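K.L.:
The listed protein sequences derive, respectively, from chains A and B.
FYI, in the numbering used here the residues of the first sequence are 84 to 385.
FYI, in the numbering used here the residues of the second sequence are 2 to 264.
Built from N, CA and C at the ideal position, the CB exists for glycine as well.
Here the structure is a predicted model, which means the values were calculated and not measured.
So that we are looking at the same thing, I have put the structure below in C-alpha cells.
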Amino acid sequence: MAILKVDNLRKHYGKLAAVDGISFAVQRGECFGLLGPNGAGKTTTIRMLYGYTPRDAGILTLFDLDIDRDLRAIKRRIGICQQEDSLDPDLTVRQNLVGFARYFDIKKSEAEDRADELLHFFALENRAKDNIRILSGGLKRRLMLARALVNSPDLLILDEPTTGLDPQSRQLLWDKLAELKAQGLTTLLTTHYMEEAERLCDRLVIVDHGHILIEGRPKALVRQQIGHSVLEITDPDAAVRDFLAAENCRVEDLGKRILVYLDDGDDLFLRLTREVRAEGCTLRPATLEDLFLKLTGRELRE
Amino acid sequence: MNWPRPNQISHRTWHVWRRNYSVYKQNWKISFIPPLLEPMFYILAFGLGLAVMIGDIELGGRLIPYTTFIAPALVAVAIMQNAFFETTFNSFVRMYYQKTFDALLTTPLNLEEVILGEMLWAATKSLIATVLMTVVLTLFGLISYPGALLLIPLALLGGLFFASVGMICTALVPGIEMFNLPIFLGITPMFLFSGTFFPLANLPAWAQQVAWWLPLTHLVALVRAGTLQMLDASLWLSVLYLALSTAFLVPLAIALMLRRIVR
Numbered sequence: 084m085a086i087l088k089v090d091n092l093r094k095h096y097g098k099l100a101a102v103d104g105i106s107f108a109v110q111r112g113e114c115f116g117l118l119g120p121n122g123a124g125k126t127t128t129i130r131m132l133y134g135y136t137p138r139d140a141g142i143l144t145l146f147d148l149d150i151d152r153d154l155r156a157i158k159r160r161i162g163i164c165q166q167e168d169s170l171d172p173d174l175t176v177r178q179n180l181v182g183f184a185r186y187f188d189i190k191k192s193e194a195e196d197r198a199d200e201l202l203h204f205f206a207l208e209n210r211a212k213d214n215i216r217i218l219s220g221g222l223k224r225r226l227m228l229a230r231a232l233v234n235s236p237d238l239l240i241l242d243e244p245t246t247g248l249d250p251q252s253r254q255l256l257w258d259k260l261a262e263l264k265a266q267g268l269t270t271l272l273t274t275h276y277m278e279e280a281e282r283l284c285d286r287l288v289i290v291d292h293g294h295i296l297i298e299g300r301p302k303a304l305v306r307q308q309i310g311h312s313v314l315e316i317t318d319p320d321a322a323v324r325d326f327l328a329a330e331n332c333r334v335e336d337l338g339k340r341i342l343v344y345l346d347d348g349d350d351l352f353l354r355l356t357r358e359v360r361a362e363g364c365t366l367r368p369a370t371l372e373d374l375f376l377k378l379t380g381r382e383l384r385e
Numbered sequence: 002m003n004w005p006r007p008n009q010i011s012h013r014t015w016h017v018w019r020r021n022y023s024v025y026k027q028n029w030k031i032s033f034i035p036p037l038l039e040p041m042f043y044i045l046a047f048g049l050g051l052a053v054m055i056g057d058i059e060l061g062g063r064l065i066p067y068t069t070f071i072a073p074a075l076v077a078v079a080i081m082q083n084a085f086f087e088t089t090f091n092s093f094v095r096m097y098y099q100k101t102f103d104a105l106l107t108t109p110l111n112l113e114e115v116i117l118g119e120m121l122w123a124a125t126k127s128l129i130a131t132v133l134m135t136v137v138l139t140l141f142g143l144i145s146y147p148g149a150l151l152l153i154p155l156a157l158l159g160g161l162f163f164a165s166v167g168m169i170c171t172a173l174v175p176g177i178e179m180f181n182l183p184i185f186l187g188i189t190p191m192f193l194f195s196g197t198f199f200p201l202a203n204l205p206a207w208a209q210q211v212a213w214w215l216p217l218t219h220l221v222a223l224v225r226a227g228t229l230q231m232l233d234a235s236l237w238l239s240v241l242y243l244a245l246s247t248a249f250l251v252p253l254a255i256a257l258m259l260r261r262i263v264r
C-alpha cells in the first residue's frame, strides 16, 4: 500500500521550474530516497509535501488523504526533520521534546513518557536537562530527529539528515534510522551522500533540474546503468587510448582521467596492466556515485 | 494578498501562546524587573525633581499633582512598548534566526495560528507589565480604585493594537536593524506627544490635531480616565478608534506575514 503518492508535482519561481513534474510513490515500510545535487528541487518537493510551500500543480495523497482537504490530519501523522536546526534555544533538551508534543495535542503525561523513550533511544538521557546552546552539531541533529518522532508518525520525512556531521555522528544516525526501519517506519529522505542512500534506501529517485532522471533499487540501478566494476586510469596516454579504442567497452574520457565501465570479469583490466601499463590503473566496484555523476554531470553546481 | 479566514484559526493558536509563555517562565525573575523598576525611576525623577517646579495641573476642573498626571501615561507607554518590542525584535528572532515558525509549521499548526498566537502573547506581555506597574503605582498612592480595574481590558486592547503594528513592521523589514526606523519615526514621537508628559491643550491647534490621530493619545486618555476616575462620554471615541483599528490591523498583520513567509 502506498503511504505517499506524488503525481506530477510542479513549482515555479518566476521563470525557474524548481520542481517540474515529479511523480513517485512511497510504499508502507520502505525507505525511499530523493537524491540530487544542490538546487535539484529536493527541499522544494519536501516542503510541498507538508503544505509549507504551496504547489503550482499536481496531486499529493498521503495515507489516502488529499493534502488540500485533510492537511491537518496528514500533518498529525507525519514527522518532519528539516535541514536547518530549528530547536528552541531557550528550552532544555527534554523540554524541546515535551513542548513539541503539545502542538500535536498530546497529553502532558503521554508526552513526557514519549520524550523519555526518545531520549533513551537516541542516547540523550544524560543530556536531558542541558541547554540547547551548548549541544554539538551531532547532538542537535539527534534531538531534531527525536523531535520529529514525538508524535509517533506513520511517515518520517528527513531533509538531508546528516549534512555537516562528523563520521561518528553520521554512523550513529544511520544505525538509528536502520533500527527505526526495522520497526516498520516508512521513511522518505533527501540526500546527496551516495553512501547514505546506498546504505539506507530500498528505492530511490535521482532528481535534477526539477525532473526525475531515474528510479529504482540502488544496487540494481548501478548494475544496470554502470555495470559490475569501474576501471579508473589516471593520466592516460595515447597508448592507453589506442588500447581502449580497440576494445568493445564503455569509456568515459575526462581528459586527465578515464573511466571504463565493465560488466563482468577483470580480463580487460589484466590485459591493460600487462600489455600497456599498470601505473595509475585501478579496478573497483561500481557505486551509486558513478551512476549519480553519470546522470547529473560532473560540472560544479553553484 | 491572502486574508486569513476565521475557520483557519483553531484552539492550536494557544499552543503558540503557551510556547512563548513557557520560555518567559524560565526567565520571569529578570522579565519582572523592568516593569517594576521603570515606573519607580520615572516617579522619582519627575515626582521629586520636576513636579516641584510644575506644581499642580488642571484637568477637567480638578487640580492634579504632576506625578499623578504622568503615572497613567507611564502605564500606557509600557503597554505600547511591551507589545511592540515583542512582535518586532522577539518575533523576528523566532522567525528568522531560531526558525521557530518553520518548526511549528511541521506540526498541525498553520501560519495564521502561529502569527495570531504571537500577537496574543505580546498583548499578554502588555498585561503582565500593566499589572506589575499598577501594583507599584498603587503603593505610591497614584492610582484610584475601582477605576484602575479598567487597565486590564485596556492593556489587552492596547497590547493587541501595538502587537499588530509591530507584526506589520516585522512582515515588512528586510533585516532586524531596520526596526530602528519605526521606533525613531513612530514609537519615540508617540512617547513624547500623546498627552503623556503634558496636556495636549498646551500644543498649538495644528499639533493637537496631529496628536489626536496618534493611537497612544487614545490609550493614554483611556488609562488616565481610569486611574483618575474621570470617565466621560468622549472616551467612547477613543475606544472605537482602538477597537476598529485593531480589528483591521490584526488580520492585516497575518496577511502580510503570510506574504513574507509563504514561498
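Between residue 42(B) and residue 7(B), what straight-line distance do the alpha-carbon atoms span, to the nearest angstrom?
P.N.:
By 1-based counting over the second sequence, the position of residue 42(B) is 41. By 1-based counting over the second sequence, the position of residue 7(B) is 6. Roughly 43 angstroms separates the two Cα atoms.
K.L.:
What are the start and end residues of the beta strand (DSSP E) that includes residue 57(B)?
P.N.:
Residue 57(B) sits at position 56 when you count from the first residue of the second sequence. Taken as a continuous stretch (DSSP letters only), the beta strand (DSSP E) holding residue 57(B) covers 57-60.
K.L.:
CB residue 134(A) to CB residue 150(A), shorter than 8 angstroms?
P.N.:
The residue given as residue 134(A) occupies position 51 in the first sequence. The residue given as residue 150(A) occupies position 67 in the first sequence. Cβ atoms of residue 134(A) and residue 150(A): closer than 8 angstroms.
K.L.:
Specify, as a first and last residue, the run of the alpha helix (DSSP H) that residue 71(A) falls within.
P.N.:
There is no way to answer for residue 71(A), as the model of chain A reaches only from 84 to 385.
K.L.:
At which residue ranges does the stretch 290-327 of chain A contain complete beta strand (DSSP E) runs of 3 or more residues, listed in the order of the chain?
P.N.:
Runs of the beta strand (DSSP E) inside the stretch 290-327 of chain A: 294-299, 312-317.
K.L.:
What are the complete alpha helix (DSSP H) segments, minimum 4 residues, inside the stretch 105-193 of chain A?
P.N.:
Whole alpha helix (DSSP H) segments, 4+ residues: 125-132, 154-159, 176-185.
K.L.:
Which stretch, first to last residue, makes up the alpha helix (DSSP H) that contains residue 95(A)?
P.N.:
The count along the first sequence starts at 1 and reaches residue 95(A) at position 12. Counting along the chain, residue 95(A) falls outside any alpha helix (DSSP H), though it belongs to the beta strand (DSSP E) covering 85-96.
K.L.:
Quick one: using the 10 Å Cβ neighbour count with 16 as the cut-off for buried, is residue 59(A) buried or exposed?
P.N.:
Beyond the ends of chain A as shown, which are 84 and 385, falls residue 59(A); an answer cannot be given.
K.L.:
List, in order along the chain, the chain A residues whose C-beta lies closer than 9 angstroms to that of residue 100(B)?
P.N.:
Walking along the second sequence from the start, residue 100(B) turns up at place 99. Correct list: 165, 167, 168, 169, 170.
K.L.:
Work out the CA separation of residue 90(B) and residue 158(A) for me, nearest whole Å.
P.N.:
Locating residue 158(A) in the first sequence gives position 75, where the first residue counts as 1. Locating residue 90(B) in the second sequence gives position 89, where the first residue counts as 1. If I take the Cα positions, the gap works out to 29 angstroms.
K.L.:
Check each residue of the stretch 93-127 of chain B: if its Cβ is closer than 7 angstroms to any Cβ of chain A, include it; give the result in chain order.
P.N.:
The stretch 93-127 of chain B vs chain A, Cβ under 7 angstroms: 99, 100, 101, 103, 104, 105, 106, 107, 108, 109, 110.
K.L.:
Starting from residue 22(B) and walking both ways along the beta strand (DSSP E), at which residues does that stretch end?
P.N.:
Residue mapping note: residue 22(B) aligns to position 21 of the second sequence, counting from 1. It is not in any beta strand (DSSP E) - residue 22(B) instead sits in the alpha helix (DSSP H) that spans 14-27.
K.L.:
Sorted by chain position, which residues of the same chain lie with C-beta nearer than 8 angstroms to residue 330(A)'s C-beta, five sequence neighbours on each side aside?
P.N.:
Along the first sequence, one-based indexing puts residue 330(A) at 247. If we look at residue 330(A) and ignore the five residues flanking it on each side, its Cβ neighbours are 351.
K.L.:
Kindly list, in the order they appear in chain A, the residues whose Cβ is closer than 7 angstroms to that of residue 27(B).
P.N.:
Reading the second sequence from its first residue, position 26 is the one you call residue 27(B). The contacting residues are 173.
K.L.:
Counting only the same chain and skipping the five closest in sequence on each side, list residues whose C-beta sits under 7 angstroms from that of residue 183(A).
P.N.:
Along the first sequence, one-based indexing puts residue 183(A) at 100. Once the five neighbours on either side are set aside, the close Cβ partners of residue 183(A) are 230, 233.
K.L.:
Select from 191(B), 154(B), 84(B) the residue whose C-alpha is nearest the C-alpha of residue 223(B).
P.N.:
Residue mapping note: residue 223(B) aligns to position 222 of the second sequence, counting from 1. The option with the nearest alpha carbon to residue 223(B) is 154(B).
K.L.:
Looking at C-alpha atoms only, which residue of 267(A), 122(A), 308(A), 340(A) is the closest neighbour of residue 369(A)?
P.N.:
One-based indexing of the first sequence puts residue 369(A) at position 286. For residue 369(A), the nearest C-alpha among the options comes from 308(A).
K.L.:
Provide the residue span of the alpha helix (DSSP H) that contains residue 225(B), from first to last.
P.N.:
Locating residue 225(B) in the second sequence gives position 224, where the first residue counts as 1. Element bounds for residue 225(B): 216-228.
K.L.:
Confirm, please, whether the CB-CB distance from residue 75(B) to residue 40(B) is below 8 angstroms.
P.N.:
One-based indexing of the second sequence puts residue 40(B) at position 39. One-based indexing of the second sequence puts residue 75(B) at position 74. Cβ atoms of residue 40(B) and residue 75(B): closer than 8 angstroms.
K.L.:
Assuming residue 9(B) contacts residue 119(B) under a Cβ cut-off of 8 angstroms, what Cβ separation, rounded to an integer in Å, is found between them?
P.N.:
Taking the second sequence and counting its residues from 1, the one referred to as residue 9(B) is at position 8. Taking the second sequence and counting its residues from 1, the one referred to as residue 119(B) is at position 118. Not confirmed; about 15 angstroms, so no contact.
K.L.:
Just to confirm my understanding: we take residue 65(B), look at its own chain, exclude 5 residues before and 5 after, and list those with CB closer than 8 angstroms. What are they?
P.N.:
Here residue 65(B) refers to the residue found at position 64 when the second sequence is read from its first residue. So the qualifying residues of the chain are 57, 58, 59, 229.
K.L.:
Under 9 angstroms, CB to CB, which of the residues in the stretch 8-24 of chain B have a partner in chain A?
P.N.:
So the close ones are 11, 12, 13, 16, 17, 19, 20, 23, 24.
K.L.:
Which residues does DSSP list as the beta-bridge partners of residue 80(B)?
P.N.:
Translated into positions along the second sequence, residue 80(B) becomes position 79. Answer is none; residue 80(B) lacks a bridge partner.
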